[in-house]
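In my numbering, the protein residues as written are 24 to 163.
Just so you know, even glycine gets a beta-carbon here, dropped at the ideal spot from N, CA and C.
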């Protein structure tokens with residue numbers, strides 16, 4: 024797979040790697056960029072950057088760190104930025120569909136909606152699946 028991502032985004036990859044146990048920085052960056060690009064395509068360009076900035080302002084940490092430390096609050100950030108739960112549900116379905124069709128990755132249900140209950144396991148499983156897929160491709 025050939026991915027074209029800009030590396031000039033304000034995302035703290037080092038925290039994502041620490042959070043997920045991802046070892047290869049380059050692959051971890053690409054995994055995060057895949058999700059942020061899909062989200063930006065679904066809603067609007069730069070959507071992930073807006074979510075990240077809102078999280079930083081209101082929670083004092085970026086969105087990825089908020090998913091780790093405060094999943095319920097991370098969900099509230101999503102709900103505030105994206106405006107309603109039905110839209111959030113639709114976005115989750117589209118993210119899952121895009122990962123499956125573009126990258127043959129089956130993301131679990133609840134990647135965003137389970138955050139409401141304080142459960143970040145589906146989100147982390149999705150990130151781990153993306154990372155594993157990219158790492159496998161890199162080794163080929």
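The criterion of a C-beta distance shorter than 8 Å is not satisfied by residue 81 and residue 58.
The segment 97 to 113 makes contact with the segment 69 to 86, as at least three CB pairs between them are under 8 Å. In this structure the segment 112 to 120 touches the segment 131 to 139; the number of beta carbon pairs closer than 8 Å is three or more. For the segment 82 to 148, the continuous alpha helix (DSSP H) assignments of 4+ residues that do not extend past its boundaries occur at 86 to 92, 94 to 105, 108 to 126, in sequence order. DSSP, read as helix, strand or coil, puts residue 73 in helix.
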